[in-house]
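Everything below concerns the one structure shown next.
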Amino acid sequence: EEVFFDPSKANKKLIDEVYEIVNSKEKVIRVLMMAKSAIRHNMKEELPKITQKTCIIWGENDKVTPPEVGKEFHKEIQKSDLFWIKQCGHAPMIEQPKIFNEILVNWLKNQKNVNK
Numbered sequence: 473e474e475v476f477f478d479p480s481k482a483n484k485k486l487i488d489e490v491y492e493i494v495n496s497k498e499k500v501i502r503v504l505m506m507a508k509s510a511i512r513h514n515m516k517e518e519l520p521k522i523t524q525k526t527c528i529i530w531g532e533n534d535k536v537t538p539p540e541v542g543k544e545f546h547k548e549i550q551k552s553d554l555f556w557i558k559q560c561g562h563a564p565m566i567e568q569p570k571i572f573n574e575i576l577v578n579w580l581k582n583q584k585n586v587n588k
């Protein structure tokens, strides 16, 4: 529930999916390896090396990775666009999927038009 702005987004289906992951030894090992890697390898120094156009979509109410981090990513990735989703926590693609997809699709269409 801490992941979402609206704790009701942590519905039974999502909880069941997470339960399945944490009860699969293989999946738990993968998740733990990824989490440990994220802690050990701070990507801040690598961000300026990203030269690809990048779409950053961030929940305004993210408690896991605060909005300041999104601003920092945007600042460090030169060709980035930063979009905010209101009343949204750490997982905008789950909590606000329609808005998330709308932002992403419009951004991709804009990139296609720019490259013509």
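Counting in the working numbering, the sequence shown runs from 473 upward without gaps. The beta-carbon is built from N, C-alpha and C at its ideal position, and this holds for glycine as well.
**Prompt:** Taking just the CA atoms, how far does Lys-516 sit from Lys-551?
**Reply:** 16 Å
**Prompt:** Between which two residues does the alpha helix (DSSP H) containing Phe-555 stretch?
**Reply:** Careful: Phe-555 lies outside any alpha helix (DSSP H), inside the beta strand (DSSP E) at 552-557.
**Prompt:** So, using beta-carbon positions, are Ile-522 and Met-565 closer together than 9 Å?
**Reply:** no
**Request:** Can you have a look at Asn-568 and say buried or exposed, based on whether 16 or more other CB atoms are within 10 angstroms of its CB?
**Result:** With the sequence shown as reference, residue 568 is identified as Gln, and Asn is not the correct amino acid for it. Buried, by the Cβ-count rule.
**Asked** Grouping DSSP H, G and I as helix and E and B as strand, with all else coil, what is Ile-575?
**Response** helix
**Message:** I need the DSSP call for Ile-566, collapsed to helix, strand or coil.
**Reply:** helix
**Message:** Counting beta carbon pairs with one atom in the segment 486-504 and one in the segment 530-549, are three or more of them shorter than 8 Å?
**Reply:** no
**Request:** Return the chain-ordered ranges of every alpha helix (DSSP H) run that is complete within the segment 474-561 and spans a minimum of 4 residues.
**Result:** 484-494, 497-512 and 539-548
**Message:** Only counting the same chain, and skipping five residues up and downstream in sequence, which positions put a Cβ closer than 6 Å to that of Ile-575?
**Reply:** Ile-529 and Phe-555
**Asked** Just how far apart, CA to CA, sit Val-577 and Thr-526?
**Response** 13 Å
**Message:** Rounded to whole angstroms, what is the Cα-Cα separation between Gly-542 and Glu-492?
**Reply:** 30 Å
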